[in-house]
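Taking it in order: structure first as structure tokens, then the write-up.
Okay, structure coming up:
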């Protein structure tokens, strides 16, 4: 399926060597101001050739808006977008055609489809992500204007070089890392060539990438992403829990190997008494949690805290080092990839992670909108048992008619 | 959404205290022999009260088949299934109703829906998984009969007690762990009370769980699952890559916090030269990989190797220990959960992980079936460039008409 | 697929001779008061044995609510529903098993699935509609409470006996028929044994049905349905135009052969100058149309007028008359159906038509809610060209923020 | 939703005055030979300006294939397609902007979205159908190559001029009309300027259209479509019966008002004894029906006979005649449309009907493929009761393993 989303739907097309790559975005709310520039920014952050530690291919990816807007405003109709493929170099790949590249999609694409694009992996190319990034940029713009949502991703590890996730064995996550999650801005991320906004770590990462490049090798890594100011109540249990759909979205990005929400796998080593996030009353009267090991999601539904997660990326499969491996015909041989390839894709994957986060949140907002707007049209509920409602008179009526839970919580419950 | 799957579709209903929980399974192939016993086995492995380290609640969950079979054979029509709720004890929960339980779904369900079930979390209850397990048992039976697919999950860690994932820093995963993945059987898993089939580790896990129970605390952990003999070519790029849909499925299980395919996050710390899985010719002439750090998936498509992954589960949120936390009305208080709760859900989650794996593979099989059967009806392809086809005469014709890639690979390519 | 809908989703199961038939309804807004009685009413209107011109089988279909409500209020979680199968008489069918019944589903079910239920048509049984009717009853209750929506279906023709659709050749539809559409109530429909609320026609229909029954034959007919007070703006172009989804819904009812919206096929014989519905200002200031040949839908979107359509039902295939037809093995023979069968299903299909209408409108309301609520959160639009906006200052801002078009239309446009 | 289909999926974008209109086609089987010419043929049959009885606008619509093929062969990946918009004349529409056109989409689009494209109806434009036609042309090519499927649509009525559907009151449909359905070829349809392949009727239709054009009026009509050589077993009960999805598809075409399968509404006036289609043994041993009033579909599933249906189109709403109607602001006025408009769209809609038919059949083929291929992998069934299986020993085993029902029926059943 080259489609993602239920109400905010993205459909993509395009291989690396065809005429263009692009997408259709369906379900964009009408009345959003939108121009090609809004989309170009993220596309440019994604493209190769931005620094000498990524691939040297220079693909300038200009987006062309085909439909769905007039006078810079969305019509509510599908938005067609495309980016022409310019740097088509099929000959780069020709010499090694007898081999399926190890850990690459050559073999599985051929097995699945019976034919394959000259580029080998076909839609497994990172170029496929252009359509997603464009679609995500529109979602991000909406979310920012409607809710002030902020989505920031940053490189958390490259090979064995990692941010200080925790300083002590007995802390779930360390203060420095938690602070980054709470406060880091996209501009700070982009200041570093590695997109790791922690200077000391970034320097080591850069060294590691250059060393890998020098020995014709590649490095994996991980990216942490935070979504701030997300509305409360997003996620559609049971199968479309927020973390499940975020996981789906992130693991659909090429080369991803892991997804962790909140404290993640590390968090599973702590007991409930440490890991639970107690509630407290926030300044605005709403319930907040004092810690956020849940990563902003409880029971598959956003709780109003920062939503954060980390995604692992394997080292790129295509390396110039010689590898002993079989040809398609089963005979043994030695393969050394030609062409220019990323020694480490993680820095370039940052906007792709952000875009997938935006797609998920956008779709969940629309789904929850549909429910809340429907519930708000019903007559007030009364005479319900206290096990079913908030403490305080008639509070359910308020909740059900769309008032914020926070306001309701400010009420006295003494009279019960 | 309480639905999962595109062609093999499961729809579930039911909270913990309503009349019944159940599901409709649509898309079951006709002509499969199926009885209630086929389903009951996995349901019984899932239910509480199986040992004294899980919850003491005794829920005997008998499945009742409503439709979709006659004379023990599936008709191809939807299968309705239900399990009556017997142990309804709403009063167990009543005293603590003024509090949203920390890290539980009480607060988010109320925020999302405006009303809540008396049990608090509503569909966040583990009882919701009964329908899934029933549906997965049918899928598993089909996959076993049609392909000999074997799905085995086992507990890999509990709190800080874990299997030896690697013995040395410079190995991606250790031999002992890899061997478990390759060979462990479900019976061996069930021999251990912890469902960790590594005696030494299991003993330590049991101790850790008993200790946590003694101090009214809870423990998280992780489960590794392997799918053996899966057909080659499963997964629907770009958005429905096999690992993306597996991740979605697993992260929809209550309490999950992480998903890793193959070497996972640990694998991202190794360079491509180490992490790549070289190809070799297998005994049957088909291409195989010498290592399997990819976890059986490349480019989002299964490559015929074992598919394995690990899922992290947080410690259960409901603990009898006192917790300082706010009430719904914002006031501070102290909450100590009443009732009987699992100190550690990981052993009971083993069949749930297996069932979700079966649901994903089943759906992917049907999707790939549709494509292959369609391609097989087309006239042979000829005169295609070698960059597009397998080396060897007319091999594309064979591949495209559904013959195995392996057979094709045995051919000579010298004459070109 | 045994599922219908995008946000308000119904999943059904059950053949005529299995344990139960039922459904899961997902997407029900939380906070709706709902009991089994709300659902039973329509189920009872659907069941056989209501009069001596329908089948004599007495199936009392009591609905059992399984989940999704507490204290008579919907939780927003899936609602499980079932009706036990009581009158299981497989032997009624046994003698004729060598024959696929002409124009029945026996042959096509066997061809499609390779196995068949003992009842022959499996899910083609009218009993399958029980789940739909239950789901539709919930939708109808919501639509009535939220918008005052009224859905009324009635029998428009039986065999060659029909309502006076037009009195003159040159009128699109006649006044008497149009008035019925505008005003008829469900109670008036139920007063007639035929469910045709036009006394003279009903009497003739009854005679026709009794005559058909007497000669062991069957009759088809048609049903007109009207949806009043539907919100403006429903329908999701381009593929999910309101009439397209209504057509899909109606043509999924067993035995249906035709669907017409508004003036239907007859309307296509008139020129645009006669068939167009001119606009006028209504009493409330909103635009209304002076005629309604469009049937309440323009460009696939509801325009606020009554939505009405007519569905044709073929004569029931199962008749007691002898029919010359081949057996499964190809040999010629003579088949005379045993058992009790409806000579005319049209009267009993009335609530099924209403239920499918409710399912469609409900789903469309939720989809449009999602869009409108999203648009309402955006900042106001200004400085748009007059070709894009309503005449009158800043009117777009108002429209886009959810105010009714009608209010906006009251403004002066002189200054432009 | 601008998407159609479950496994063969089409997503479209584009209004009449934006940069391009186009689509993404996902789910195309790999290994199909495909070039732009294959698609252009149907696009050219669809475009305006083909004769002086359609609109005078000359839009030459050249399709540009963007992705999904290499060396003229489909890769199994999504196919991106676009057609540039050339004849953009927004000023043609400017003078009448104060009015919502009667029976047009202007008013409902504005009500739904709050903003509207300068062309008024936005996606309600017939230009939106370009993407569908392109996608359908690919489906048609596959169906022809794989099964020899033939899809032919033709104009059946224009205004009050119609084909002789029946010569006698007591015949369901007349021989001449039935013969056309059985035998007419696309070339014969295109020989007539009206696309009605019945010379005498076509001449009258042409006169009627010229007369309507002369008085600045418009005419509706209807199109009959037949699908020959469709595989047996297509259609997905209960909600996705073949006629339901065909109805959905057809009623999503702009201006459609009715859909009838087989004998349609006329057929509902006949008793079951006349309307039933008896079975007989065909020359190839398979069961066939002696009549085909069912239109090739029984129980929602294709039975191997010709699938035929008729769709009604309303007269175009945009006419140059003066119409008394209200402006957006509610004031009364007189509107006379400017620009060049089709007096009758029915001839141009012929390829659009064919394309929607191809999309439906293609998707249903893939869904049934998935089921049959899955069932074929199961072990043989034995010892089933005769009520469940075909007469004759072990025949179910054969059916379930994918052999044609016809072959099975040829077997002896002597023991009966």
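Protein chains in written order, with my numbering: chain A, 1 to 416; chain B, 1001 to 1416; chain C, 2001 to 2416; chain D, 3001 to 3416. Here a beta-carbon is modelled for each residue, glycine too, at the ideal position from N, C-alpha and C.
Residue 1047 of chain B at chain D interface by Cβ criterion, 9 Å: no
Does the beta-carbon of residue 2148 of chain C have 16 or more other beta-carbons within 10 angstroms, so that it is buried, or is it exposed? exposed
Residue 2123 of chain C touches chain B at which residues, Cβ-Cβ below 7 Å? 1077
Classification of residue 2093 of chain C by the beta-carbon crowding that lies within 10 angstroms, buried from 16 upward: Reliability fails at residue 2093 of chain C, whose pLDDT of 47 lies under 50, so the model's placement of it is uncertain and no value is given.
Label residue 215 of chain A either buried or exposed according to how many other C-beta atoms from any shown protein chain fall within 10 Å of its C-beta, with 16 as the threshold for buried. exposed
To the nearest angstrom, how far is the alpha carbon of residue 417 of chain A from that of residue 16 of chain A? Not covered by the structure: residue 417 of chain A. The range shown for chain A is 1 to 416.
Would you check if there are 3 or more beta carbon pairs closer than 8 Å linking the region 1272 to 1291 of chain B to the region 1182 to 1190 of chain B? no
Here's the rule I'm using: 16 or more other beta-carbon atoms within 10 Å means buried, otherwise exposed. How should residue 347 of chain A be labelled? buried
Please confirm whether residue 3369 of chain D has its beta-carbon closer than 9 Å to some beta-carbon of chain B. yes
Return the CA-CA distance between residue 2212 of chain C and residue 2205 of chain C, expressed in angstroms with no decimal places. 11 Å
Any C-beta of chain C under 9 Å from that of residue 372 of chain A: yes
Using only alpha-carbon positions, find the residue among A/280, A/244 and A/228 that is nearest to residue 1107 of chain B. A/280
Report the partner residues of residue 321 of chain A according to the DSSP bridge assignment. Per DSSP, none; premise fails for residue 321 of chain A.
With DSSP run on the structure shown, which of helix, strand or coil describes residue 3368 of chain D? If DSSP states are grouped into helix, strand and coil, residue 3368 of chain D belongs with the helices.
What did DSSP end up calling residue 3257 of chain D once you bin it into helix, strand or coil? strand
CB contact flag (residue 2250 of chain C, residue 3247 of chain D, <9 Å): In terms of Cβ geometry, residue 2250 of chain C and residue 3247 of chain D form a close pair [threshold 9 Å].
Per DSSP, the bridge partner or partners of residue 196 of chain A: In the DSSP output, where bridge partners are listed per residue, residue 196 of chain A has none listed.
Expressed to the nearest angstrom, what Euclidean distance is found between the alpha-carbon atoms of residue 3395 of chain D and residue 2255 of chain C? The pLDDT assigned to residue 3395 of chain D is 40, lower than 50, so where the model puts this residue is not dependable; a value taken from the coordinates is nonetheless given after this. So the two alpha carbons sit approximately 29 Å from each other.
Taking residue 1275 of chain B as the reference, give the member of B/1294, B/1035, B/1374 and B/1282 with the closest Cα. B/1294
Can at least three beta-carbon pairs, one atom from the region 1229 to 1239 of chain B and one from the region 1357 to 1371 of chain B, be found at a separation below 8 Å? yes
Extent of the continuous beta strand (DSSP E) run through residue 2150 of chain C: Counting along the chain, the beta strand (DSSP E) containing residue 2150 of chain C begins and ends at 2150 to 2158.
Can you name, in chain order, every residue of its own chain whose Cβ lies under 6 Å from the Cβ of residue 354 of chain A, other than the five neighbours on each side? 151 and 153
Using beta-carbon positions only, say whether residue 261 of chain A and residue 243 of chain A come within less than 9 Å of one another. yes
Distance check for residue 1053 of chain B and residue 1200 of chain B, CA to CA, integer angstroms please. 17 Å
CB contact below 9 Å: residue 1186 of chain B versus chain A: no
Range of the contiguous alpha helix (DSSP H) that encloses residue 2265 of chain C: 2264 to 2267
Beta-carbon proximity list for residue 239 of chain A, same chain, < 6 Å, skipping 5 on both sides: none
Just the chain A side, please: which residues come within less than 9 Å of residue 2145 of chain C by C-beta, in chain order? Simply 377, 378 and 379.
Tell me which residues share the same chain as residue 3117 of chain D and place their Cβ nearer than 6 Å to its Cβ, disregarding the 5 neighbours each side in the sequence. If the five residues before and after residue 3117 of chain D are omitted, its C-beta is found closer than 6 Å to the C-beta atoms of 3015, all from its own chain and listed in chain order.
Is there a Cβ from chain B that is less than 9 Å from the Cβ of residue 2153 of chain C? no
Check residue 1190 of chain B in the structure and name its three-state DSSP category. helix
Counting only beta-carbon atoms, is residue 3071 of chain D nearer than 9 Å to chain B? yes
How should residue 112 of chain A be labelled, buried or exposed, when 16 other C-beta atoms within 10 angstroms of its C-beta is the threshold for buried? It is buried - the Cβ of residue 112 of chain A has at least 16 other Cβ atoms within 10 Å.
C-alpha distance - residue 2322 of chain C paired with residue 2330 of chain C, whole-angstrom precision: Taking the straight line joining both Cα atoms gives about 18 Å.
If you draw a straight line from the alpha carbon of residue 2018 of chain C to that of residue 1307 of chain B, how long is it in whole angstroms? Whole-angstrom Cα-Cα distance: 38 Å.
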